[in-house]
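Protein sequences appear in the order of chains A and B.
According to my numbering, the first sequence is numbered sequentially starting from 115.
According to my numbering, the second sequence is numbered sequentially starting from 115.
These notes are about the structure you will find just below.
2 protein chains.
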Amino acid sequence: MLPELDVDDAADVLEFLDEDEGAEIAANLPVEKLVPLLDEMEPDEAADVLLDLSPEQSAAALAHMGSADQVRPLLAYEDDTAGGRMTSAVPVLRRWMTAAQASEYLRTFLSDRETHYYLYVIDRNRKLIGIVGLRELVLAAPAARVEAFMSADVISVVADVDQETCGQLISRYELLALPVVDRMGRLVGVITHDDLVGVIEDEATEDIYALNNVSADSDLDVFSPLRMMVRRRLPCLYANLFTAFLAAYVISQFEDIIEQVAVLAVFLSIVAGLGDNAATQALAIIVRGMALAQVEFRHARRAILRECVIGLAHGVAVGTAAGLVAHFWRGNAVLGLVVGVATLGNLFAAGIAGTAVPLVLKALRLYPALASSVLVTATPDILGLALFLGLATTYLPYLT
Amino acid sequence: MLPELDVDDAADVLEFLDEDEGAEIAANLPVEKLVPLLDEMEPDEAADVLLDLSPEQSAAALAHMGSADQVRPLLAYEDDTAGGRMTSAVPVLRRWMTAAQASEYLRTFLSDRETHYYLYVIDRNRKLIGIVGLRELVLAAPAARVEAFMSADVISVVADVDQETCGQLISRYELLALPVVDRMGRLVGVITHDDLVGVIEDEATEDIYALNNVSADSDLDVFSPLRMMVRRRLPCLYANLFTAFLAAYVISQFEDIIEQVAVLAVFLSIVAGLGDNAATQALAIIVRGMALAQVEFRHARRAILRECVIGLAHGVAVGTAAGLVAHFWRGNAVLGLVVGVATLGNLFAAGIAGTAVPLVLKALRLYPALASSVLVTATPDILGLALFLGLATTYLPYLT
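Printed below as a string of structure tokens:
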């Protein structure tokens with residue numbers, strides 16, 4: 115249907131579609147239909163489409179595009195870096211311009227497509243030396259020079275910086291746009307407001323997925339192709355299967371005890387399940403703290419010590435409840451004690467594992483949310499089960 | 115230390131602190147120190163501080179504040195609604211103003227504190243009738259009337275709307291600010307850019323917490339007071355203890371079988387653990403889809419049907435692996451078959467539960483992420499355990 119629309123609308127549609135759908139449609143368009151569409155799109159959006167095409171299609175389209183010079187540099191950056199998120203169409207001013215000249219320049223530059231609320235001031239080498247808000251331009255006397263009302267204090271990022279860092283800067287300094295420079299400090303693009311919210315949302319989506327055992331990729335959504343959905347969730351299920359077999363191996367070491375006191379099997383899943391839950395809690399809180407740049411490795415000692423206290427409090431509260439229920443249900447005080455103490459030990463270990471593992475991953479410059487509950491919960495689970503069955507072995511005569 | 119700083123800096127510090135710390139400091143300041151601080155703060159921030167004070171302190175401070183008239187209306191709204199997030203200091207224009215008059219007005223209105231990129235046009239009843247971007251104002255001829263270059267197409271929210279809806283509007287329409295009106299359509303405030311990113315981040319934090327078994331409140335972070343931390347995590351642990359005892363009850367019905375074939379206890383936790391994991395995955399994806407306004411109840415049929423296919427695929431893939439390992443480990447093909455089929459059934463049920471429960475909660479106008487894994491995983495866990503132990507009972511002669 116797309117070729118029937120006029121170029122303007124078709125470009126809007128293509129920008130609006132999500133990446134997979136857009137790529138599929140673009141791949142099926144003939145080059146002579148695709149080129150005017152790409153020219154009409156913002157350079158950063160056009161680059162995203164080109165990156166999803168085959169190298170031959172991409173090269174053929176670029177060869178005919180009027181905006182090829184703006185789009186080509188954007189192809190060099192990974193999708194989830196500052197360079198991949200930026201657009202290269204930036205309104206730039208020079209320090210010697212007057213406010214009137216700057217306004218005049220803007221009138222020719224500003225399209226109705228992407229709106230720029232900050233204007234960047236560059237020197238003759240394109241080095242970023244200042245920033246002017248639209249607001250300052252409104253307020254400036256027409257004859258005032260840009261250098262008189264620009265601010266030399268510009269927050270910028272280098273193009274290969276991860277988008278998570280961009281999101282943190284945007285959030286901390288409440289920015290409307292973030293200029294992107296190369297290693298020499300030369301302005302190469304800007305992440306505009308319309309992309310900023312997307313950056314922040316994509317980062318949150320990735321964390322939510324990683325914490326909940328889905329491959330951390332914000333491309334995935336409820337209606338992603340079934341094959342993609344199955345493939346993105348399978349690795350974590352297999353990882354979980356592996357850790358579950360480790361736990362099963364621990365249990366198998368106590369098979370003769372279970373044969374004598376089958377009721378132990380009834381309580382195994384209680385001890386394991388609670389540790390899972392507590393580890394997930396600690397994990398979610400610390401990973402979110404890192405995403406919002408509130409927590410770093412230097413806080414590790416304090417965070418872990420705090421989690422010891424919390425784990426102990428939860429262990430006592432929940433362990434007592436679990437022990438009492440076990441006691442009154444089975445009429446065996448020793449069984450209650452064993453269940454209670456194992457729960458306490460499990461919750462204590464869970465909090466520490468949930469906090470320490472992501473901190474260590476962060477220190478190793480790995481993605482902290484990788485410590486998805488599958489990996490973190492294995493340790494307390496196995497410790498909890500061993501503690502439970504070990505205690506049961508010790509007090510075996512009192513359990514039957 | 116705060117009273118030693120000059121008012122400007124102290125107000126900045128107070129705005130920067132998080133809510134708990136800020137409230138504690140404010141509560142300990144004498145009224146005559148607090149009032150100038152609150153007057154210096156943005157009305158929305160001052161209102162947040164006042165809401166955390168005791169009613170007497172709050173009333174005493176309000177009685178002396180110069181900005182009391184701006185702050186008082188903000189006290190009427192819940193923290194997490196549009197009204198609670200907005201500031202009441204809005205630059206407003208009238209349709210008959212010229213661009214030059216509008217710019218002149220702005221020069222007197224705009225402080226260096228909070229920046230407004232949109233100006234709102236109201237009629238004589240304060241009804242919101244239009245919007246002018248700073249950009250349009252820059253581009254307009256000085257003598258042009260506001261009505262000639264304003265846009266009458268304004269996206270606004272009513273003050274008691276939940277902040278999640280605000281976040282979705284901001285994201286969908288790429289807004290820099292969102293005007294807030296009362297039920298009569300009269301402008302009462304604006305959610306400015308500096309609050310928008312916070313709204314989006316807080317919503318993501320709440321979802322991450324709820325999905326990972328922590329009370330959904332973005333106030334909580336790694337270094338929240340220990341008592342608060344323990345209390346916010348305990349309810350989910352108790353809920354988990356309850357569902358774990360339900361599962362334990364199911365297992366207890368098969369105690370005599372386990373006594374005969376203790377190896378069943380070894381595989382119990384594998385079946386249960388995998389269901390947990392699969393349910394969490396489905397849950398995270400659909401809850402995120404709802405948060406980003408991609409999924410609604412009318413998609414329920416399609417989403418659940420898809421999840422049936424995915425659950426079946428995962429069930430076959432992981433069930434086969436689990437069955438094969440069980441078979442070769444214990445040298446019993448029937449045991450492998452029972453483990454495999456129970457895993458398949460569990461993963462199938464897990465995907466459906468993880469998808470259906472949040473959709474139903476949404477349809478009931480409840481918070482979909484409430485379906486935290488504790489509640490959603492109980493069903494497939496119990497089904498999976500019953501299936502596993504039921505099959506084991508049927509094929510008991512082949513298992514020993």
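Glycine included, each C-beta is placed from N, C-alpha and C at the ideal position.
Quiz item: Tell me which same chain residues have a C-beta within less than 7 angstroms of the C-beta of residue 512 of chain B, skipping the five on either side of it?
Solution: Within the second sequence, residue 512 of chain B is the residue found at index 398, counting from 1. 448, listed in sequence order.
Exercise. Answer with buried or exposed for residue 496 of chain B, where buried requires no fewer than 16 other C-beta atoms within 10 angstroms of its C-beta.
Key: Numbered from 1 along the second sequence, position 382 holds the residue referred to as residue 496 of chain B. Burial call: buried.
Quiz item: How long is the line joining the alpha carbons of residue 420 of chain B and residue 135 of chain A, rounded to whole angstroms?
Solution: Counted from its first residue, the second sequence places residue 420 of chain B at position 306. Counted from its first residue, the first sequence places residue 135 of chain A at position 21. So the two alpha carbons sit approximately 18 angstroms from each other.
Quiz item: Cα separation between residue 334 of chain A and residue 321 of chain A?
Solution: In the first sequence, the residue the question calls residue 334 of chain A occupies position 220. In the first sequence, the residue the question calls residue 321 of chain A occupies position 207. Going from the Cα of residue 334 of chain A to the Cα of residue 321 of chain A covers about 13 angstroms.
Quiz item: Can you name the residues of chain B whose CB is closer than 8 angstroms to the CB of residue 493 of chain A?
Solution: In the first sequence, counting from the first residue as 1, residue 493 of chain A sits at position 379. In chain order: nothing, as chain B lies at least about 14 angstroms away.
Exercise. Following the continuous alpha helix (DSSP H) through residue 233 of chain A, name the residue where it begins and the one where it ends.
Key: Indexing the first sequence from 1 puts residue 233 of chain A at position 119. From DSSP, residue 233 of chain A is part of no alpha helix (DSSP H) but of the beta strand (DSSP E) over 232 to 236.
Practice problem: State yes or no: is the C-beta of residue 340 of chain B within less than 8 angstroms of the C-beta of residue 399 of chain A? | Solution: Indexing the second sequence from 1 puts residue 340 of chain B at position 226. Indexing the first sequence from 1 puts residue 399 of chain A at position 285. Cβ distance not < 8 angstroms, so residue 340 of chain B and residue 399 of chain A don't count as in contact.
Quiz item: Apart from the five residues on each side of it in sequence, which residues of its chain come closer than 6 angstroms, Cβ to Cβ, to residue 393 of chain A?
Solution: Here residue 393 of chain A corresponds to residue number 279 of the first sequence, with the count starting at 1. Cβ within range, chain order: 464, 467, 468, 490, 491, 494.
Exercise. Find the residues of chain A that neighbour residue 288 of chain B, judging by a C-beta separation of less than 8 angstroms, and give them in chain order.
Key: By 1-based counting over the second sequence, the position of residue 288 of chain B is 174. Within chain A, the residues near residue 288 of chain B are 307, 308, 311.
Quiz item: Do residue 129 of chain B and residue 155 of chain B come within 8 angstroms of each other at the CB atom, strictly closer than that value?
Solution: As a first step, residue 155 of chain B is located in the second sequence; it is residue number 41 there, counting from the start. As a first step, residue 129 of chain B is located in the second sequence; it is residue number 15 there, counting from the start. Yes, they are a contact pair.
Practice problem: Using the Cα positions of residue 120 of chain B and residue 142 of chain B, report the straight-line distance between them to the nearest angstrom. | Solution: The residue you call residue 120 of chain B lines up with position 6 of the second sequence. The residue you call residue 142 of chain B lines up with position 28 of the second sequence. Looking at the two C-alpha atoms, the distance is approximately 18 angstroms.
Quiz item: In the structure shown, what three-state DSSP assignment does residue 535 of chain B receive?
Solution: With chain B covering 115 to 514 only, the question about residue 535 of chain B has no answer from this structure.
Practice problem: Entirely within the stretch 307 to 380 of chain B and at least 4 residues each: give me those alpha helix (DSSP H) ranges in chain order. | Solution: 307 to 325, 340 to 366, 369 to 374
Quiz item: Terminal residues of the continuous alpha helix (DSSP H) containing residue 448 of chain A?
Solution: Translated into the one-based positions of the first sequence, residue 448 of chain A becomes position 334. Residues 447 to 477.
Self-check item: Beta carbon of residue 327 of chain A nearer than 8 angstroms to that of residue 395 of chain B
Solution: Position 213 of the first sequence, counted from the start, is the residue given in the question as residue 327 of chain A. Position 281 of the second sequence, counted from the start, is the residue given in the question as residue 395 of chain B. Yes; because the gap between Cβ atoms is below 8 angstroms, this pair is in contact.
Practice problem: Determine, using beta carbons only, whether residue 260 of chain A comes closer than 8 angstroms to chain B. | Solution: Reading the first sequence from its first residue, position 146 is the one you call residue 260 of chain A. It does not; no Cβ of chain B falls within 8 angstroms.
Quiz item: Do three or more CB pairs link the stretch 236 to 256 of chain A to the stretch 191 to 210 of chain A at distances below 8 angstroms?
Solution: yes
Practice problem: For residue 362 of chain A, decide whether its Cβ has a neighbour in chain B, counting only Cβ atoms nearer than 8 angstroms. | Solution: Numbered from 1 along the first sequence, position 248 holds the residue referred to as residue 362 of chain A. True, the Cβ-Cβ gap to chain B drops below 8 angstroms.
Quiz item: Using the C-alpha atoms, what's the distance from residue 194 of chain B back to residue 173 of chain B?
Solution: In the second sequence, the residue the question calls residue 173 of chain B occupies position 59. In the second sequence, the residue the question calls residue 194 of chain B occupies position 80. The straight-line gap from Cα to Cα measures roughly 22 angstroms.
Practice problem: Compare the beta carbon distance of residue 242 of chain A and residue 275 of chain A with 8 angstroms and say whether it is the shorter of the two. | Solution: The residue you call residue 242 of chain A lines up with position 128 of the first sequence. The residue you call residue 275 of chain A lines up with position 161 of the first sequence. It is not a contact, given that the beta carbons lie outside the stated cut-off.
Quiz item: Does DSSP put residue 296 of chain B in a helix, in a strand, or in coil?
Solution: The residue labelled residue 296 of chain B in the question sits at position 182 within the second sequence. Note: residue 296 of chain B maps to coil in three-state DSSP.
Quiz prompt | Three-state secondary structure assigned by DSSP to residue 180 of chain A | solution = Working through the first sequence from its first residue, we reach residue 180 of chain A at position 66. Of the three classes helix, strand and coil, the one that applies to residue 180 of chain A here is coil, per DSSP.
Self-check item: Pairwise C-alpha distance: residue 312 of chain B and residue 287 of chain A
Solution: The residue you call residue 287 of chain A lines up with position 173 of the first sequence. The residue you call residue 312 of chain B lines up with position 198 of the second sequence. The alpha-carbon atoms of residue 287 of chain A and residue 312 of chain B are separated by roughly 11 angstroms.
Quiz item: Going by alpha carbons, who is nearest to residue 367 of chain A out of B:377, B:303, B:364, B:186?
Solution: To locate residue 367 of chain A, count along the first sequence from 1; it is residue 253. Of B:377, B:303, B:364, B:186, the residue nearest in Cα terms is B:377.
Quiz item: Which residues of chain B have a Cβ atom closer than 7 angstroms to the Cβ of residue 269 of chain A, listed in chain order?
Solution: The residue given as residue 269 of chain A occupies position 155 in the first sequence. None at all; the shortest Cβ gap to chain B is about 14 angstroms.
Practice problem: Note the first and the last residue of the continuous alpha helix (DSSP H) segment covering residue 164 of chain B. | Solution: Looking up residue 164 of chain B in the second sequence gives position 50. Looking at the DSSP string, the run of the alpha helix (DSSP H) that includes residue 164 of chain B is 157 to 166.
Quiz item: If you follow the alpha helix (DSSP H) that residue 268 of chain B is part of, which residue opens it and which one closes it?
Solution: Here residue 268 of chain B is taken as the residue at index 154 of the second sequence, counted from 1. Segment: none, residue 268 of chain B is in no alpha helix (DSSP H) and carries neither H nor E.
Quiz item: With C-beta atoms as the reference, is residue 418 of chain B less than 8 angstroms away from residue 477 of chain B?
Solution: Position 304 of the second sequence, counted from the start, is the residue given in the question as residue 418 of chain B. Position 363 of the second sequence, counted from the start, is the residue given in the question as residue 477 of chain B. No, the Cβ-Cβ distance between residue 418 of chain B and residue 477 of chain B is not below 8 angstroms.
Quiz item: If you run the structure through DSSP and keep just helix, strand and coil, what is residue 497 of chain A?
Solution: Your numbering for residue 497 of chain A matches position 383 in the first sequence. Residue 497 of chain A falls in the helix class under three-state DSSP.
Exercise. Would you check if there are 3 or more beta carbon pairs closer than 8 angstroms linking the stretch 453 to 462 of chain A to the stretch 422 to 442 of chain A?
Key: yes
Quiz item: Does the Cβ-Cβ distance between residue 510 of chain A and residue 364 of chain A come in under 8 angstroms?
Solution: Translated into the one-based positions of the first sequence, residue 510 of chain A becomes position 396. Translated into the one-based positions of the first sequence, residue 364 of chain A becomes position 250. No, Cβ-Cβ distance for residue 510 of chain A and residue 364 of chain A is not below 8 angstroms.
Exercise. Just the C-alpha distance for residue 294 of chain A and residue 296 of chain B, rounded to the nearest angstrom, thanks.
Key: For the purposes of this step, residue 294 of chain A is taken as residue 180 along the first sequence, with counting starting at 1. For the purposes of this step, residue 296 of chain B is taken as residue 182 along the second sequence, with counting starting at 1. Looking at the two C-alpha atoms, the distance is approximately 41 angstroms.
Quiz item: With DSSP run on the structure shown, which of helix, strand or coil describes residue 240 of chain A?
Solution: Within the first sequence, residue 240 of chain A is the residue found at index 126, counting from 1. The answer is coil: DSSP assigns residue 240 of chain A none of H, G, I, E or B.
Quiz item: Quick one: does residue 402 of chain A have its CB under 8 angstroms from some CB of chain B?
Solution: Counted from its first residue, the first sequence places residue 402 of chain A at position 288. Cβ-Cβ to chain B under 8 angstroms: yes for residue 402 of chain A.
Exercise. Work out the CA separation of residue 481 of chain A and residue 309 of chain B for me, nearest whole Å.
Key: For the purposes of this step, residue 309 of chain B is taken as the residue at position 195 of the second sequence. For the purposes of this step, residue 481 of chain A is taken as the residue at position 367 of the first sequence. Taking the straight line joining both Cα atoms gives about 28 angstroms.
Quiz item: Name the chain A residues whose beta carbon is nearer than 9 angstroms to that of residue 498 of chain B?
Solution: Against the second sequence, residue 498 of chain B aligns to sequence position 384. In chain order: nothing, as chain A lies at least about 11 angstroms away.
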